[in-house]
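Novice: Residue numbers (the working numbering): 262 to 612. The beta-carbon is built from N, C-alpha and C at its ideal position, and this holds for glycine as well. Got a structure for you, written out below as structure tokens; questions coming shortly.
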């Protein structure tokens with residue numbers, strides 16, 4: 262538990278102090294947000310706001326994770342390092358996207374094919390490594406099986422599992438990216454999911470099959486370190502949210518949103534709660550579905566279901582204040598995370 266507290270506290274402090282430094286640095290160098298002229302008109306006033314703030318909380322989370330292990334004199338685990346690799350790798354893809362937007366002064370960065378290729382390459386490396394590296398008990402960070410509250414069903418094979426992992430990684434990194442459309446929205450929504458994974462990792466540690474074999478125990482390789490990873494990113498994200506909350510002084514950019522989507526997918530895979538993430542991150546899933554519905558409806562019928570997609574912009578065009586949308590969506594995100602936690606714990610309730 263001390264590891265978790267240290268990671269969260271260090272991540273919070275580094276991000277809280279580092280973000281205003283990044284704001285000043287990015288402002289001097291003209292690292293500002295570009296806004297689509299055909300988008301929500303109220304957003305035109307945000308043009309020039311420093312972006313790429315995801316660099317701050319990604320670095321803060323990495324340093325916080327390292328500080329936690331250094332303070333406890335414990336080596337990092339394979340599971341923790343793989344999840345952090347996924348976060349950092351996708352953050353690097355997002356950084357290239359952001360850099361191109363700023364360099365070419367446009368609202369679009371990497372071409373969709375190049376961006377997807379970057380996500381797939383990082384995801385493929387993660388998928389290859391995550392089923393290897395067993396510990397002394399023969400437990401690997403993941404098995405070639407789909408999971409909900411734990412692994413379920415038979416093995417789907419390494420090829421099937423790799424495809425499934427890539428779908429998760431690309432899906433959730435893009436889902437967080439789509440959620441990141443209003444000040445503080447993605448930060449608050451993903452923060453709720455990370456808090457849930459701190460609790461999940463801690464619970465899996467206390468009920469692992471190595472210490473107490475039972476019908477509901479967990480075969481998870483490094484549950485404590487996965488909770489440390491979640492706490493480090495959560496602390497760093499809260500420190501960033503202090504400056505990213507409406508009205509935002511800095512945006513996370515694709516650097517941050519892709520990194521956050523990656524860490525959520527990585528935690529779900531390593532804690533064996535892949536399908537549960539759909540509920541835990543329910544807000545991001547709903548926002549992504551709104552885009553799919555909008556595009557599908559327009560292509561098939563020529564009509565739009567929403568005034569604008571993603572969903573948050575639909576409510577903006579209906580006249581809702583930005584802070585109203587953000588706070589209400591935060592509440593939905595918290596309820597989704599609470600529902601997912603409730604389902605996770607339900608099998609431990611007395612019959």
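Answer with buried or exposed for residue 355, where buried requires no fewer than 16 other C-beta atoms within 10 angstroms of its C-beta.
Specialist: Indexing the chain shown from 1 puts residue 355 at position 94. The residue in question, residue 355, is buried, as its Cβ has 16 or more Cβ neighbours within 10 Å.
Novice: Please report the straight-line C-alpha distance between residue 570 and residue 319, rounded to a whole angstrom.
Specialist: Position 309 of the chain shown, counted from the first residue, corresponds to residue 570. Position 58 of the chain shown, counted from the first residue, corresponds to residue 319. Distance between the alpha carbons of residue 570 and residue 319: 28 angstroms.
Novice: To which residues of the same chain is residue 575 closer than 6 angstroms at the C-beta, ignoring the five residues directly before and after it?
Specialist: The sequence position of residue 575 within the chain shown is 314, counting from 1. So the list reads 567, 568, 569, once near-sequence residues are dropped.
Novice: Taking just the CA atoms, how far does residue 414 sit from residue 501?
Specialist: Against the chain shown, residue 501 aligns to sequence position 240. Against the chain shown, residue 414 aligns to sequence position 153. Whole-angstrom Cα-Cα distance: 40 angstroms.
Novice: Kindly list the residues whose CB is nearer than 7 angstroms to the CB of residue 402, restricted to its own chain and excluding five residues on each side of it in sequence; keep chain order.
Specialist: Within the chain shown, the letter at position 141 stands for residue 402. Result list for residue 402: 339, 340, 343, 391, 394, 482, 531, in chain order.
Novice: Among the candidates 443, 409, 538, 399, whose CA atom is the shortest distance from the CA of residue 456?
Specialist: Along the chain shown, read from residue 1 onward, the residue named residue 456 stands at position 195. It is 538 whose Cα lies nearest to the Cα of residue 456.
Novice: Identify whether residue 396 lies in helix, strand or coil by the three-state DSSP scheme.
Specialist: Within the chain shown, the letter at position 135 stands for residue 396. DSSP places residue 396 in coil when its eight states are reduced to three.
Novice: Let me know the secondary structure DSSP gives residue 288 once reduced to three states.
Specialist: Taking the first residue of the chain shown as 1, we reach residue 288 at position 27. Residue 288 falls in the helix class under three-state DSSP.
Novice: With distances taken from CA atoms, which of 321, 330, 543, 385 is nearest residue 351?
Specialist: Here residue 351 corresponds to residue number 90 of the chain shown, with the count starting at 1. The option with the nearest alpha carbon to residue 351 is 385.
Novice: Go through its chain and collect everything with a Cβ distance to residue 591's Cβ below 7 angstroms, but skip five positions before and after it.
Specialist: Position 330 of the chain shown, counted from the start, is the residue given in the question as residue 591. If we look at residue 591 and ignore the five residues flanking it on each side, its Cβ neighbours are 449, 450.
Novice: Please identify the residue among 558, 371, 361, 472 whose C-alpha is closest to the C-alpha of residue 398.
Specialist: Taking the first residue of the chain shown as 1, we reach residue 398 at position 137. When only C-alpha atoms are compared, the closest one is 472.
Novice: Residue 518 and residue 438 - do their beta-carbons sit closer together than 8 angstroms?
Specialist: For the purposes of this step, residue 438 is identified with residue 177 of the chain shown, where counting begins at 1. For the purposes of this step, residue 518 is identified with residue 257 of the chain shown, where counting begins at 1. A contact, by the Cβ cut-off of 8 angstroms.
Novice: Label residue 562 either buried or exposed according to how many other C-beta atoms from any shown protein chain fall within 10 Å of its C-beta, with 16 as the threshold for buried.
Specialist: Working through the chain shown from its first residue, we reach residue 562 at position 301. Residue 562 is exposed by the Cβ-count criterion.
Novice: Taking only the alpha-carbon atoms, compute the straight-line gap between residue 302 and residue 313 and give it to the nearest angstrom.
Specialist: Against the chain shown, residue 302 aligns to sequence position 41. Against the chain shown, residue 313 aligns to sequence position 52. Since pLDDT at residue 302 reaches only 48, below the 50 mark, its modelled position is unreliable, and no value is offered.
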